[in-house]
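Numbering (my numbering), first residue to last: 34 to 225.
Spelled out as structure tokens, the structure:
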């Protein structure tokens, strides 16, 4: 698994824990010390994983599972994973090419999504089935890390941001089925 995945998780945690408003000279880590994402430990880990990402280092599944365990205990875990997905897509999905027909832009986003998820997670993360944008994943590493299903919000956030960057507009992605609920596959598609 790419170090970029753990880095995005930590940055998402920090982003979600940061208050919407701060005073001009406020040191948020001191004024709101109980928020994990604002701790000095998380800040040091972010710097460490930034360096790992620059070096192209890989992490073991156990390392990411450790971070996932921290987040999935939170009541806002799905929000953190969604933010993580948007950060990963923002970093890795190319900007839309306005001169291309919309159908071609969807095709490019599907291809870039498949390649990026495979590269980040070190394995194939399902595939696209018929329709404009319909992703199916079976034996998801996210479900293995988080049997509760909150980690799947990462894919929802990733797909929404990928579509925004590559196609344009406010396209919403919904999860129709999930392995954690006993379905055969996890499936995401455009909200119609």
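Ideal Cβ placement from N, Cα and C applies to all residues, glycine included. Given the structure is predicted, the values throughout are model-derived calculations rather than measurements.
Secondary structure of residue 160 (DSSP, three-state): strand. Annotation: residue 218 to residue 210 spans about 7 Å, alpha carbon to alpha carbon. For residue 210, DSSP records a beta bridge to 220. Your pair residue 126 and residue 199 checks out as a contact, with CB atoms roughly 6 Å apart and the cut at 8 Å. Taking 9 Å as the cut-off, the beta carbon of residue 158 is found no closer than this to the beta carbon of residue 180. For residue 168, the three-state secondary structure derived from DSSP is strand. Taking all protein chains shown into account, residue 224 has fewer than 16 neighbouring C-beta atoms within 10 Å of its C-beta and is therefore exposed. 37 is the residue among 136, 37, 220 whose C-alpha sits nearest the C-alpha of residue 123. Under DSSP, residue 91 shares a beta bridge with 35. By the criterion of at least three beta-carbon pairs nearer than 8 Å, the segment 96–110 is not in contact with the segment 158–168.
Scanning its chain for C-beta atoms nearer than 8 Å, with the 5 sequence neighbours on each side dropped, one finds around residue 216 the residues 210, in chain order.
Annotated three-state conformation of residue 183 is helix, per DSSP. Between residue 119 and residue 214, the gap from beta carbon to beta carbon reaches 9 Å or more.
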